[in-house]
């Protein structure tokens, strides 16, 4: 990590200043490409160490068997000594004015008081903020012991722990496979992996044009091998539809699911376990891209940042790469990141160095489309919710409360029910709330528009205005010790 | 090894673990009181804010994001 200050980046004087948000595959590839094109690069990542979710790690605690493409990560990380890198950076403001893009962040241990303020000015920004798990609500899903699949993966890889001794993995998509492997390696028995999509849907998604799977197939075969070694059953067309327990997870109800993911009556069976990992796909982290004015497109299957062939968004100087442009996995993110970084630095698509990334990007876009076709969320899942099932975890808002207000405009529905107005600002429940409203006859839209990019302390934001002009502002600790009311700005207002 | 206290009770963890990692490693799955019952870690990557704890007197710290430091005082948060 280099010094903190107004982000001028490393590299030649007078070179284009490129700021990159996110230190996962897309952001790292963007940094490498932008450096190669001669830009001064500043990379901001909220994590304590680079790698994103894909290369989440800790030097001592991570079992190396759980890492994939590690050599690539080391190569990408290796060139960053020529960039200015800030780990532990929470970007809370992003704006464009007079052709300059300005990012404001606080830097330091997660949610600590007294983090350092950082302001970065850039000619171009590459937004590579990634995605997080989409875990659909179920009765009992707030019980301790239920986590997202991503949490199970992060805890296993980053901390070397598992939440339970007997875990059921349930959801949709190939990500369930490495999660099951990680749980097994980290010491939990995996009772079963339940894929909601049925064989017909999977075949329709994956069997045609198998050559498009080149590069991915090997990884999938490796995971399937790991499941076999650990004797983990993999069942399609089924899923956890209810979690059992009073104070913590004691078991689950698993049902067969029809093609729309509705539980098939009479197929329910109870399975004893003490933890559940849920993952029904991913949802992009769009906040920064939206704040910078990038157009978003899509429907309730997912909304993503619109980009052209050069990974340019609709906002001047703003590029996007990785999962925020479509869920396609690490290889797609690496390719898009390389294109975005190179173009943000003023490069050309005709450059020989772009040939490889462009070819991979073409192949991986086909992969992403097949991923959605085979594993995309089907609307019938809302039928496994009971009236009193909590949908918004932060504010404890039930399915019935949301459905009762389904005819109101989204803002009125949120104000009346408080769904999506808690600490996470609808990041966890947004897609689910929209589905519940839609199932009740409403037409929701816009849960991904959030006024605050990252939860930061009001005191830290306030201190920025009182800081010196140098850009490096030591935030006064005293301000941040105030009560709960200001512990997270994000909890304040609906949009 | 590192040592932290959780509601004044000492817990041992491995150096470098997050607070959530230390708690789970010690067999705990719940450490926040919400309206509908206890909560622990859910998203594990800093998005959901279900795992909030008070650390050394500072409220609203995501246990899944904060690396535990020897001597940290962690307290449960209660939300009515």
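Chains as they are written, first to last, in my numbering: chain A, 22 to 516; chain B, 121 to 200. Beta carbons are placed, not taken as given, at the ideal position from N, Cα and C, and that holds for glycine.
| Item | Value |
| --- | --- |
| As assigned by DSSP and simplified to three states, the class of residue 151 of chain B | coil |
| Element boundaries [alpha helix (DSSP H), containing residue 97 of chain A] | 91-99 |
| Among A/474, A/400, A/89 and A/443, the one whose alpha carbon lies nearest that of residue 16 of chain A | Since the displayed chain A opens at 22 and closes at 516, residue 16 of chain A lies outside it and no answer follows. |
| Same chain only: Cβ atoms within 6 Å of residue 150 of chain B, ignoring 5 sequence neighbours per side | 158 and 160 |
| Residue 121 of chain A classed as buried or exposed, judged by whether at least 16 other C-beta atoms fall within 10 angstroms | exposed |
| Cβ-Cβ distance between residue 289 of chain A and residue 276 of chain A below 7 Å | yes |
| Residue 13 of chain A in three-state terms, based on DSSP | Residue 13 of chain A is absent from the model: chain A starts at 22 and stops at 516. |
| Rounded separation between residue 132 of chain B and residue 280 of chain A - CA only | 47 Å |
| C-beta atoms of residue 209 of chain A and residue 179 of chain A nearer than 7 Å | no |
| Sequence-distant residues of its chain with Cβ nearer than 7 Å to residue 403 of chain A (five each side left out) | 456, 457 and 460 |
| 7 Å Cβ cutoff, residue 149 of chain B in contact with chain A | yes |
| Range covered by the beta strand (DSSP E) that runs through residue 162 of chain B | No beta strand (DSSP E) holds residue 162 of chain B; DSSP gives it neither H nor E. |
| Touch test, the region 131-148 of chain B against the region 160-176 of chain B, Cβ-Cβ under 8 Å, three pairs minimum | yes |
| Counterpart residues of residue 38 of chain A in DSSP-defined beta bridges | A/61 |
| Pair within 7 Å by beta-carbon distance, residue 160 of chain A and residue 355 of chain A | no |
| Residue 422 of chain A, buried or exposed, once every other Cβ within 10 Å from all chains shown has been counted against 16 | buried |
| Residue 111 of chain A - partner residues in DSSP beta bridges | A/127 |
| Segment limits, beta strand (DSSP E) that includes residue 195 of chain B | 193-195 |
| Contact set between residue 154 of chain B and chain A, taken where Cβ atoms lie within less than 9 Å | 163, 414, 415 and 417 |
| Buried versus exposed call for residue 239 of chain A [16 or more other C-beta atoms within 10 Å across all chains shown] | exposed |
| Terminal residues of the alpha helix (DSSP H) in which residue 240 of chain A lies | 238-250 |
| Span of the alpha helix (DSSP H) around residue 166 of chain A | It is not in any alpha helix (DSSP H) - residue 166 of chain A carries neither H nor E in the DSSP assignment. |
| Chain B contacts made by the region 266-285 of chain A, where a contact means CB separation under 9 Å | 267, 268, 269 and 270 |
| Beta-carbon neighbours of residue 159 of chain B, restricted to chain A and to distances below 7 Å | 163 and 165 |
| Rounded Cβ spacing between residue 166 of chain A and residue 154 of chain A (contact assumed at less than 8 Å) | Wrong, their Cβ atoms sit about 16 Å apart, outside the cutoff. |
| Beta-carbon proximity of residue 168 of chain B to residue 183 of chain B, cut-off 7 Å | no |
| Simplified DSSP state of residue 103 of chain A, which is helix, strand or coil | helix |
| Residues of the region 122-137 of chain A with Cβ closer than 8 Å to any Cβ of chain B, in chain order | 130, 131, 132, 133 and 134 |
| With 16 other Cβ atoms within 10 Å as the buried cut-off, status of residue 62 of chain A | buried |
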